[in-house]
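Colleague: The sequence shown maps to residues 14 to 510 in the numbering used here.
Beta carbons: idealized from backbone N, C-alpha and C, even for Gly.
All values derive from a computational prediction rather than experimental measurement.
So that we are looking at the same thing, I have put the structure below in structure tokens.
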Amino acid sequence: MWWSRSTPVHEYGDNYLRAASPNECRCIIREELDFYRTIVVGGLYEFEFSHPTKDSTSIVHTFAPAIKKCIDSHPHLSTIISGADTNSPYFESCPRLDLANHVEIRPQPRKTDQDEEEAIARLLPDILDMKPAQGIPPWKVIILPFDDCRVFVAFAYSHGPLDGMSGMIFHQTFLDSIQREPGDTGRDGNEKETLVYSPTFRQLPPPFDTKKNLPISWSFLFSPLLSVYLPPSFGFRANIITPTTWLGRSIFYDDPDKLKTGLEMFSVDSTTLKKVLEACRGTKIGGAKMTGLLHELISEAMFKLLPSTKYENLAAQTTINMRGAVGIPADEMGLYAGGDTEIIDRQSIGTGTRSWTVARSMTTKLAAVSQKTKDQSLGLLRYLNDVRSWTLSKIGEKRDCSYELSNLMSFRSNRNSSGVQIQKMVFAQPASVSGPTLFFNAVSVDGGPMTITATWQIGALDLGTHQSQSQSGNESEFVKAICRRVQEGLVRIAEDE
């Protein structure tokens, strides 16, 4: 059997689906320990015709058919996580969902409030800091209406069984359903759509991080162990983190009430984004893609803000969609995320004339890693016997990387379809107690803008505080300055194109 800790089906009853895979186990236990909460992928929907937004009940019933379509299309949405407080969590099918537990309507912002992007930015930390529901499928659709034609729809969910790309897949199914069936008042035209739904029992897709998909060589297996006992010169270190690598504050967890997510957000308009992409394909930045380019701009901004006498490099992590590498359909929900960490030296970010060396180098490395299945670090998780103790042991240790960049790429929809379109996408991750010091989360709409959020655990950046400024305020100014420099860098590239 692929997972040695799985338990026979009959012990769990008729609703048993399967045991959690090693990486699913890691993410589930991380959430159960309150080290990570809710991930969000949202879309700004614009309707051709007005929809009721004053009455919360009407909004729920308007979108209920589309949500049911998502449940029917993706078995993860009717799945409960069980045994999260053990080392062997597993999944069960939920035979009955009450959509009242999965749809939440937030009050429409007043006309005097600031623009839509700022309203969304104010909403997100509250969603990110919600603990995933227990005993029911851990997801929720949170709706923020702006007017009768524009609505922000946030898909908020547990990272245990699903990755960031799963949020994009949800919105694709949700949008397609609305475009085909704009609304439903009931079969007879009078009754409201029932909110209690009993989906058909469906098995989950097989886990991704198996021995077959992610084979591990003996040399790779023993490298982490040897790196502990042998000097760095022997070459067994997993990365090159040094005392001059900026990692923020060591991993900490005070209490649940103090675990808060800091967030900054900015957008790049469609015209600027188009010109930047053209520059990446042209001679100036030829050979670099957007993710590699963002790494260079982010690291450059951070090096300008961090003291050069103290920090010489950054450990930059990239989340990678592994569906293509193992033959998983692009529209299948699940946890198919891999990762890669590279060291970016301050000296590699030159001054004066740009060579875009980091952007090109990162692009080349990520292209290779995205197709590599052997000796992926993720595969080492199956050799852990006690994920819970391993996770808890991280408290007080240094973080593994300076920042993580996760780019969900471009959301593509049928622009020729009338009725409703998504004008903007937003992606954000919550504070991660044992994760990267900073998250940069990017997503765009085909032919539309790109939005980037920067999130972090408040107190994790270890910047020090002035007497006149709070810790969160000092961190916000630091992250805001990074975002501003990245945004300005993209604008300069577009202007030079």
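1. Please work out which residues of its chain come closer than 7 Å, Cβ to Cβ, to residue 140, disregarding the five sequence neighbours upstream and downstream, and give them in chain order.
2. Please identify the residue among 286, 291 and 26 whose C-alpha is closest to the C-alpha of residue 461.
3. Whether or not the region 95–107 and the region 131–140 are in contact is what I'm after, with contact meaning three or more pairs of Cβ atoms, one per stretch, closer than 8 Å; do they touch?
4. Mapping DSSP to helix, strand and coil, what is residue 59?
5. Would you mind giving the Cβ-Cβ distance between residue 426 and residue 434, rounded to the nearest angstrom? I have them listed as a contact below 8 Å.
6. Assuming residue 359 and residue 309 make a contact with CB atoms under 8 Å, what is their CB distance in whole Å?
7. Roughly how far, in whole angstroms, is the beta-carbon of residue 42 from the beta-carbon of residue 401, given that I think they are within contact range, below 8 Å?
8. Hey, does residue 45 have any beta-carbon neighbour from chain D nearer than 8 Å?
9. Please report the residue range of the beta strand (DSSP E) in which residue 158 lies.
10. Just verifying my parser: in three-state terms, what is the DSSP assignment at residue 305?
11. Assuming residue 221 and residue 34 are in contact, meaning their beta carbons sit under 8 Å apart, how far apart are those beta carbons, in whole angstroms?
12. Confirm, please, whether the CB-CB distance from residue 171 to residue 44 is below 8 Å.
13. Quick check on DSSP: helix, strand or coil for residue 264?
14. So within the region 102–128, which uninterrupted beta strand (DSSP E) runs reach at least 3 residues, ignoring any that extend past its ends?
15. Output yes or no for whether 8 Å exceeds the beta carbon distance between residue 378 and residue 355.
16. Mind the definition here: the region 291–309 touches the region 371–391 only if three or more C-beta pairs lie below 8 Å; say whether that holds.
17. I want to know whether the region 449–468 touches the region 76–84 - three or more CB-CB distances under 8 Å.
18. Cα-Cα, which of 507, 444 and 431 is closest to residue 193?
19. With a threshold of 7 Å, establish whether the CB of residue 453 neighbours any heavy atom of the ligand PLP.
20. For residue 445, which residues from the same chain have a beta carbon less than 6 Å from its beta carbon, with the 5 sequence-adjacent residues on both sides left out?
21. Looking at residue 468 and residue 8, is the spacing between their C-beta atoms short of 8 Å?
22. Any idea if residue 148 is buried or exposed, counting beta-carbon neighbours within 10 angstroms, 16 or more meaning buried?
23. Using three-state DSSP, classify residue 198 as helix, strand or coil.
24. Three or more C-beta pairs under 8 Å: does that hold for the region 275–286 against the region 379–394?
25. Could you tell me if residue 439 is buried or exposed, where buried requires 16 or more neighbouring beta carbons within 10 angstroms of its beta carbon?
26. If you run the structure through DSSP and keep just helix, strand and coil, what is residue 278?
27. Per DSSP, which residues does residue 423 bridge with? Please list them.
28. Cα-Cα, which of 191, 157 and 31 is closest to residue 123?
29. Report yes if the C-beta distance between residue 331 and residue 353 is below 8 Å; otherwise report no.
30. If the criterion is Cβ atoms closer than 8 Å, does the pair residue 489 and residue 261 meet it?
31. Helix, strand or coil for residue 463 per DSSP?
32. Can you list the beta strand (DSSP E) stretches of 3 or more residues lying completely in the region 329–377, in chain order?
33. Rounded to the nearest angstrom, what separates residue 506 and residue 190 at their Cα positions?
34. Please identify the residue among 107, 180 and 26 whose C-alpha is closest to the C-alpha of residue 424.
35. What did DSSP end up calling residue 31 once you bin it into helix, strand or coil?
Modeller: According to the data block:
1. In the sequence shown, the residue the question calls residue 140 occupies position 127. If you ignore the 5 residues before and after residue 140, its C-beta comes within less than 7 Å of the C-beta of 51, 53, 155, 167 and 169, all in its own chain and listed in chain order.
2. As a position in the sequence shown, residue 461 is number 448, starting the count at 1. When the alpha-carbon of residue 461 is set against those of 286, 291 and 26, the nearest one is in 286.
3. Three or more Cβ pairs closer than 8 Å define a contact, and the region 131–140 falls short of that threshold against the region 95–107.
4. Locating residue 59 in the sequence shown gives position 46, counting from the first residue. In the three-state reduction of the DSSP assignment, residue 59 falls in the strand class.
5. For the purposes of this step, residue 426 is taken as the residue at position 413 of the sequence shown. For the purposes of this step, residue 434 is taken as the residue at position 421 of the sequence shown. Residue 426 to residue 434, Cβ: 6 Å. Contact.
6. Working through the sequence shown from its first residue, we reach residue 359 at position 346. Working through the sequence shown from its first residue, we reach residue 309 at position 296. Not quite, the Cβ-Cβ distance comes to about 13 Å (not below 8 Å), so this is no contact.
7. As a first step, residue 42 must be located in the sequence shown, where it is residue number 29. As a first step, residue 401 must be located in the sequence shown, where it is residue number 388. That belief holds up - the Cβ atoms of residue 42 and residue 401 are roughly 5 Å apart, short of 8 Å.
8. Looking for chain D here will not work: only one protein chain is present.
9. As a position in the sequence shown, residue 158 is number 145, starting the count at 1. If you look at residue 158, you'll find it in the beta strand (DSSP E) that goes 152–158.
10. As a first step, residue 305 is located in the sequence shown; it is residue number 292 there, counting from the start. Residue state, collapsed to three classes: helix.
11. On the sequence shown, residue 221 is found 208 positions in, with the first residue counted as 1. On the sequence shown, residue 34 is found 21 positions in, with the first residue counted as 1. Rounded, the Cβ-Cβ distance is 7 Å, consistent with contact.
12. As a first step, residue 44 is located in the sequence shown; it is residue number 31 there, counting from the start. As a first step, residue 171 is located in the sequence shown; it is residue number 158 there, counting from the start. Yes, Cβ-Cβ distance for residue 44 and residue 171 is below 8 Å.
13. Here residue 264 refers to the residue found at position 251 when the sequence shown is read from its first residue. It is coil, neither helix nor strand.
14. DSSP runs (the beta strand (DSSP E)) wholly in the region 102–128: 103–106 and 116–118.
15. As a first step, residue 378 must be located in the sequence shown, where it is residue number 365. As a first step, residue 355 must be located in the sequence shown, where it is residue number 342. Yes; because the gap between Cβ atoms is below 8 Å, this pair is in contact.
16. Judged by pairs of C-beta atoms under 8 Å, the region 291–309 touches the region 371–391, as three or more such pairs exist.
17. The region 449–468 and the region 76–84 do not touch, with fewer than 3 CB-CB distances between them shorter than 8 Å.
18. Here residue 193 refers to the residue found at position 180 of the sequence shown. It is 431 whose Cα lies nearest to the Cα of residue 193.
19. In the structure shown, the ligand PLP is absent, as is every other ligand, since no ligand is present at all.
20. By one-based count along the sequence shown, residue 445 stands at place 432. Taking C-beta separations shorter than 6 Å and ignoring five residues to either side along the sequence, the partners of residue 445 in its chain run 49, following chain order.
21. What is shown of the chain runs 14 to 510, which leaves residue 8 out entirely.
22. For this step, residue 148 is matched to residue 135 along the sequence shown. Under this definition residue 148 is an exposed residue.
23. On the sequence shown, residue 198 is found 185 positions in, with the first residue counted as 1. Because residue 198 sits at a pLDDT of 39, beneath the cut-off of 50, its placement in the model cannot be relied upon, and the following sentence gives the value as read from the coordinates. Residue 198 falls in the coil class under three-state DSSP.
24. As far as the Cβ criterion goes, the region 275–286 does not touch the region 379–394, which means the pair count is below three.
25. Reading the sequence shown from its first residue, position 426 is the one you call residue 439. The residue in question, residue 439, is buried, as its Cβ has 16 or more Cβ neighbours within 10 Å.
26. Within the sequence shown, numbered from 1, the residue matching residue 278 stands at position 265. If DSSP states are grouped into helix, strand and coil, residue 278 belongs with the strands.
27. Here residue 423 refers to the residue found at position 410 of the sequence shown. Among the bridge pairs identified by DSSP, residue 423 is matched with 457.
28. Here residue 123 corresponds to residue number 110 of the sequence shown, with the count starting at 1. Out of 191, 157 and 31, 157 has the C-alpha closest to the C-alpha of residue 123.
29. If you number the sequence shown from 1, residue 331 lands on position 318. If you number the sequence shown from 1, residue 353 lands on position 340. The answer is yes: Cβ separation under 8 Å.
30. On the sequence shown, position 476 is the one that residue 489 refers to. On the sequence shown, position 248 is the one that residue 261 refers to. Not a contact, by the Cβ cut-off of 8 Å.
31. As a first step, residue 463 must be located in the sequence shown, where it is residue number 450. DSSP places residue 463 within a strand segment (E or B) once states are collapsed to three.
32. Counting only runs of 3 or more, we get 350–358.
33. On the sequence shown, position 493 is the one that residue 506 refers to. On the sequence shown, position 177 is the one that residue 190 refers to. Residue 506 and residue 190 have their C-alpha atoms some 38 Å from each other.
34. Indexing the sequence shown from 1 puts residue 424 at position 411. Out of 107, 180 and 26, 180 has the C-alpha closest to the C-alpha of residue 424.
35. As a working note, residue 31 is residue 18 in the sequence shown. Looking at residue 31 - three-state DSSP - the assignment turns out to be strand.
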